[in-house]
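Notes for the one structure printed next.
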Amino acid sequence: MKHVLESVESQFEMFQILNEDGKIVNKDDMPDLSDDDLKEIMRRMVYTRILDQRSIALNRQGRLGFYAPTAGQEASQLGSQYALEQDDFLLPAYRDVPQLIWQGLPLYQAFLFSRGHFHGNQFPEDVKGLSPQIIIGAQYTQAAGVALGMKKRGKKSVAVTYTGDGGTSQGDFYEGINFAGAYGAPAIFFIQNNHFAISVPVEMQTNAKTLAQKAVAAGIEGIQVDGMDVLAVYAVTKDARERAINGDGPTLIETITYRYGPHTMAGDDPTRYRTDELDDEWEKKDPLVRFRKFLEEKKLWSSEDEDKVIEEAKGDIKKAIKKADEYPKQTVTDLIENMHEELPPNLQEQLEEYKEKESK
Ligand SMILES: Cc1ncc(C[n+]2csc(CCOP(=O)(O)OP(=O)(O)O)c2C)c(N)n1
Ligand SMILES: [Mg+2]
1 MKHVLESVES QFEMFQILNE DGKIVNKDDM PDLSDDDLKE IMRRMVYTRI
51 LDQRSIALNR QGRLGFYAPT AGQEASQLGS QYALEQDDFL LPAYRDVPQL
101 IWQGLPLYQA FLFSRGHFHG NQFPEDVKGL SPQIIIGAQY TQAAGVALGM
151 KKRGKKSVAV TYTGDGGTSQ GDFYEGINFA GAYGAPAIFF IQNNHFAISV
201 PVEMQTNAKT LAQKAVAAGI EGIQVDGMDV LAVYAVTKDA RERAINGDGP
251 TLIETITYRY GPHTMAGDDP TRYRTDELDD EWEKKDPLVR FRKFLEEKKL
301 WSSEDEDKVI EEAKGDIKKA IKKADEYPKQ TVTDLIENMH EELPPNLQEQ
351 LEEYKEKESK
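Here the UniProt record's numbering is used: the first residue of the sequence shown is 1, the next is one more, and so on.
Below is the structure:
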């Protein structure tokens, strides 16, 4: 029995293309990306790091509401998103706002989402997806359903969902991957393993050596990838997407990553459960540092390029927060009207009451 488990576990080795020094260690699997693509990926990672820093500051000033920091996870989030097409359907978790933004969600709407404003959930027509899920794992079952719907309609697109290491302890996680496997649904399931579920280390969550191996029980493909290596994440996502649209079913992808900041901005203090040594160890693996080295070597990136993106991001953020500030405040009437297509009599009554109040 033990022998079976060991032989399964030993097959889940971490896939990597770019090592910590920015050197290619796996030439054969290097994805086919143009120089412009490579620069664009770097631009997005730098932009997103700035967005994270500014969002934290805005939250501290009381100008944003709910916010889950993203620094450290850029390669995992953006390498995967870069492999998607506009028609793919995103089912993100609360930390996955960057993927929505790069799929086309305007920044001011992301800020409104953070403030709990309903307009933050009204995605533009060409951004296919659901709002970030707060309930751990719930998006996995939804993704299986969305993917099955795509298959039945003969669409050449995929449903893409994200959860964390902690999310893989939930029943919904297993139900989602099992259902998608049973129906050969075109879904890509991401586990962003940042090693902690708030303060609980992954070793306390499971006896499994890897989270990717959970795919085996569902009879689907599973792979563990270096989540600090944007090229590796892009390559495995591209491959999973191709197999999904060719009818070869879903894939479970575990990205090995780290979040530098607190769990959310609602009072979590990571120094209570993480050591400085561990933080330092992961900062050495930083996705931006290694990709920058790789690009600089190829003469594709300079400090001027970097400064330009930083200025661009800061300018965009300033404009977007202003736009969010100017957007009409959410009213009780908005809330009631957004809840139902047809109102039950008691809410109809309340609606009239609030319309009257709010008109004064
Ligand atoms: C069903 C459910 N149980 C508990 C919570 C409270 N909760 C919020 S985040 C979180 C930890 C999730 O950790 P992980 O899946 O690793 O994601 P990460 O925050 O690290 O990205 C928990 C337990 C919740 N939101 N939903
Ligand atoms: Mg986690």
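Note that beta-carbon positions come from the ideal geometry of N, C-alpha and C, so glycine has one too.
task: Kindly confirm or deny that the stretch 120-127 and the stretch 205-225 touch, where touching means at least three C-beta pairs closer than 8 Å.
output: These segments do not touch.
query: To the nearest angstrom, how far is it from the Cα of G166 to the Cα of E9?
result: For the purposes of this step, residue 166 is taken as residue 166 along the sequence shown, with counting starting at 1. For the purposes of this step, residue 9 is taken as residue 9 along the sequence shown, with counting starting at 1. Spanning the alpha carbons of G166 and E9 requires a straight line of approximately 19 Å.
message: If you reduce the DSSP assignment to three classes, tell me which class T161 lands in.
response: As a first step, residue 161 is located in the sequence shown; it is residue number 161 there, counting from the start. DSSP places T161 in strand when its eight states are reduced to three.
query: Name the DSSP beta bridge partners of F189, please?
result: Locating residue 189 in the sequence shown gives position 189, where the first residue counts as 1. Paired residue(s): T161 and L252.
message: If distances are taken between C-alpha atoms only, which option among V332, Y47 and L112 comes closest to E326?
response: For the purposes of this step, residue 326 is taken as the residue at position 326 of the sequence shown. For the options V332, Y47 and L112, the alpha carbon positioned closest to that of E326 is the one of L112.
task: Can you tell me which of the three DSSP states Q99 falls into?
output: By 1-based counting over the sequence shown, the position of residue 99 is 99. Under the three-state reduction of DSSP, Q99 is assigned to helix.
query: What whole-angstrom Cβ distance do V146 and L64 have, given they're in contact under 8 Å?
result: Here residue 146 corresponds to residue number 146 of the sequence shown, with the count starting at 1. Here residue 64 corresponds to residue number 64 of the sequence shown, with the count starting at 1. In this structure V146 is not in contact with L64, their Cβ atoms being roughly 29 Å apart against a cut-off of 8 Å.
- prompt: P262 to K284, Cα distance in whole Å?
  reply: What you label residue 262 is simply residue 262 of the sequence shown in a count that begins at 1. What you label residue 284 is simply residue 284 of the sequence shown in a count that begins at 1. A direct Cα-to-Cα measurement between P262 and K284 gives close to 18 Å.
As assigned by DSSP and simplified to three states, the class of Q224: Sequence index remark: in the sequence shown, residue 224 carries index 224 (1-based). DSSP places Q224 in the strand class (E or B) of the three-state scheme.
- request: Can you give me the Cβ contacts of N19 inside the same chain, cut-off strictly under 6 Å, excluding the 5 residues immediately before and after it?
  value: One-based indexing of the sequence shown puts residue 19 at position 19. In the same chain as N19, and ignoring 5 residues on each side of it, the C-beta atoms closer than 6 Å to its own belong to V25, in chain order.
message: Just to check my reading of the structure: A217 and A187 have Cβ atoms closer than 8 Å, yes? What is that Cβ distance to the nearest angstrom?
response: Start at 1 with the first residue of the sequence shown, and residue 217 comes out as number 217. Start at 1 with the first residue of the sequence shown, and residue 187 comes out as number 187. In fact, because the Cβ distance is near 16 Å, the residues do not count as touching under 8 Å.
task: Look up F89 in the DSSP assignment and say whether it is helix, strand or coil.
output: Locating residue 89 in the sequence shown gives position 89, where the first residue counts as 1. Three-state result, F89: strand.
- request: Measure from the alpha carbon of Q224 to the alpha carbon of each residue in F12, V4, S7 and H3, then state which is nearest.
  value: Translated into positions along the sequence shown, residue 224 becomes position 224. The residue from F12, V4, S7 and H3 with its alpha-carbon nearest to that of Q224 is F12.
message: So, does the stretch 96-106 touch the stretch 250-259, judging by three or more C-beta pairs under 8 Å?
response: Under the Cβ criterion (8 Å, minimum of three pairs), the stretch 96-106 does not count as touching the stretch 250-259.
query: What residues match up with F15 in a beta bridge as DSSP calls it?
result: For this step, residue 15 is matched to residue 15 along the sequence shown. V225, per the DSSP bridge assignment.
Beta-carbon gap between D172 and G222 smaller than 9 Å: As a working note, residue 172 is residue 172 in the sequence shown. As a working note, residue 222 is residue 222 in the sequence shown. The answer is no: Cβ separation not under 9 Å.
- prompt: Going by DSSP, which residues form a beta bridge with I310?
  reply: To locate residue 310, count along the sequence shown from 1; it is residue 310. DSSP output for I310 lists no bridge partner at all.
task: May I ask you to check if the CB of T141 is nearer than 8 Å to at least one heavy atom of ligand 1?
output: The count along the sequence shown starts at 1 and reaches residue 141 at position 141. Distances between the C-beta of T141 and the heavy atoms of ligand 1 are all 8 Å or more.
field: Coil, strand or helix - A197 by DSSP
entry: Mapped onto the sequence shown, residue 197 falls at position 197. Correct three-state label for A197: strand.
- prompt: Roughly how many angstroms lie between the CA atoms of A144 and R274, to the nearest whole one?
  reply: Along the sequence shown, one-based indexing puts residue 144 at 144. Along the sequence shown, one-based indexing puts residue 274 at 274. When rounded, the distance between both Cα atoms is 34 Å.
- prompt: Between A324, L252 and V127, which lies nearest to T161 when the distance is taken from Cα to Cα?
  reply: Numbered from its first residue, the sequence shown carries residue 161 at position 161. Of the residues A324, L252 and V127, the one whose Cα lies closest to the Cα of T161 is L252.
- prompt: Anyone know if the C-beta pair for T48 and L84 falls short of 9 Å?
  reply: For the purposes of this step, residue 48 is identified with residue 48 of the sequence shown, where counting begins at 1. For the purposes of this step, residue 84 is identified with residue 84 of the sequence shown, where counting begins at 1. Against a cut-off of 9 Å, the Cβ pair of L84 and T48 comes out as no contact.
Nearest-residue set for ligand 1, Cβ under 5 Å from any heavy atom: Look at which beta carbons fall closer than 5 Å to any heavy atom of ligand 1; those residues are R95, I135, I136, G164, D165, G166, G167, N194, A197 and I198.
task: Indicate whether the contact test is met: 3 or more Cβ pairs, each with one atom in the stretch 244-251 and one in the stretch 294-314, closer than 8 Å.
output: The answer is no - the stretch 294-314 does not touch the stretch 244-251, with fewer than three Cβ pairs under 8 Å.
- request: Identify whether I177 lies in helix, strand or coil by the three-state DSSP scheme.
  value: Numbered from 1 along the sequence shown, position 177 holds the residue referred to as residue 177. Here I177 sits in helix by DSSP.
query: Does the beta-carbon of L148 have 16 or more other beta-carbons within 10 angstroms, so that it is buried, or is it exposed?
result: For the purposes of this step, residue 148 is identified with residue 148 of the sequence shown, where counting begins at 1. L148 comes out buried.
message: Between E203, D96 and D87, which has its C-alpha nearest A71's C-alpha?
response: Residue mapping note: residue 71 aligns to position 71 of the sequence shown, counting from 1. Taking only the C-alpha atoms, the option nearest A71 is D96.
- prompt: For E358, which option in E349, T333 and N338 has the closest C-alpha, if you only look at C-alpha atoms?
  reply: Residue mapping note: residue 358 aligns to position 358 of the sequence shown, counting from 1. Nearest of E349, T333 and N338 to E358, Cα basis: T333.
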